[in-house]
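Worksheet: one structure, shown below.
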Amino acid sequence: MTGRMNIRLTHMKTIFRIALIPSLGIMLASLITAFTVAQPAEMKLDDTKHNFGFIRQGDVVSHEFTFTNTGNEPLIISNTEVECTCTTVDFPRQPVMPGAKGAIKVTFDSKSTLDRQERTVIITSNAKNQPVTVTFKAVVLKKK
Numbered sequence: 001m002t003g004r005m006n007i008r009l010t011h012m013k014t015i016f017r018i019a020l021i022p023s024l025g026i027m028l029a030s031l032i033t034a035f036t037v038a039q040p041a042e043m044k045l046d047d048t049k050h051n052f053g054f055i056r057q058g059d060v061v062s063h064e065f066t067f068t069n070t071g072n073e074p075l076i077i078s079n080t081e082v083e084c085t086c087t088t089v090d091f092p093r094q095p096v097m098p099g100a101k102g103a104i105k106v107t108f109d110s111k112s113t114l115d116r117q118e119r120t121v122i123i124t125s126n127a128k129n130q131p132v133t134v135t136f137k138a139v140v141l142k143k144k
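So that you can map any letter, position 57 of the sequence shown is 57 in my numbering, and since no number is skipped, the others follow by simple counting.
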């Protein structure tokens, strides 16, 4: 009887190894994958609107829209679009690393405008929440 019990016990250990070890491997691989799957870059802006208030025709004003890359991949800004030539945009040309901050500088030249002005800048990047839009406005008064 003891021989049969040893054979059964050995047989059960073999079945246990055959069934459990691959299952543990699959579970371990799933956990590793879950922790190493990269979260794409994400641009979180501190503000998306700015009001320059009253300015005089010919004034050149600027504002920096600051942001943080809250994703786990480097953030790469590839393009910006503006409505008119009176607005220029300067943005980081190098990748913004995860957790790092950056700034998009918008400059408005009011020499050819008057009255209420509102402009939109569309920012294209590899962020999961792209494109991002920022706006600014001003009231341009005649030169003195």
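Backbone N, C-alpha and C define an ideal beta-carbon position, used for all residues, glycine too.
Worksheet item: Based on Cα-Cα distance, which residue from Lys144, Gln130, Lys137 lies nearest to alanine 41?
Response: One-based indexing of the sequence shown puts residue 41 at position 41. The candidate whose alpha carbon is nearest that of alanine 41 is Gln130.
Worksheet item: Taking the DSSP output, what are the residues bridged to glutamate 118?
Response: Locating residue 118 in the sequence shown gives position 118, counting from the first residue. Per DSSP, Lys137.
Worksheet item: Are the beta-carbon atoms belonging to serine 110 and glycine 53 less than 8 Å from one another?
Response: Here residue 110 refers to the residue found at position 110 of the sequence shown. Here residue 53 refers to the residue found at position 53 of the sequence shown. No.
Worksheet item: For asparagine 69, which residues from the same chain have a beta carbon less than 6 Å from its beta carbon, with the 5 sequence-adjacent residues on both sides left out?
Response: In the sequence shown, residue 69 corresponds to position 69, counting from 1. The residues are Ala41, Leu75, Val96, Pro98, Ala100.
Fill in: Outcome for threonine 80 when other beta-carbon atoms lying within 10 angstroms are tallied against a minimum of 16
In the sequence shown, counting from the first residue as 1, residue 80 sits at position 80. Threonine 80 is buried by the Cβ-count criterion.
Discussion item. Please identify the residue among Ser112, Arg56, Asp47, Thr48 whose C-alpha is closest to the C-alpha of threonine 87.
Written reply: By 1-based counting over the sequence shown, the position of residue 87 is 87. Selected option, being the one with the closest Cα: Ser112.
Discussion item. Taking DSSP's pairing of strands, which residues face arginine 56 in a bridge?
Written reply: Within the sequence shown, residue 56 is the residue found at index 56, counting from 1. Answer is Leu141.
Fill in: Complete beta strand (DSSP E) runs within the stretch 55-131 (minimum length 3 residues, chain order)
60-69, 77-82, 87-90, 101-109, 115-125
Worksheet item: Going by the CB atoms, is the gap between glutamine 39 and asparagine 72 shorter than 8 Å?
Response: Reading the sequence shown from its first residue, position 72 is the one you call residue 72. Reading the sequence shown from its first residue, position 39 is the one you call residue 39. Their beta carbons are under 8 Å apart, which means asparagine 72 touches glutamine 39 by this criterion.
Discussion item. Only counting the same chain, and skipping five residues up and downstream in sequence, which positions put a Cβ closer than 7 Å to that of valine 145?
Written reply: Nothing about residue 145 can be reported from this structure: the residues present for the chain run from 1 to 144 only.
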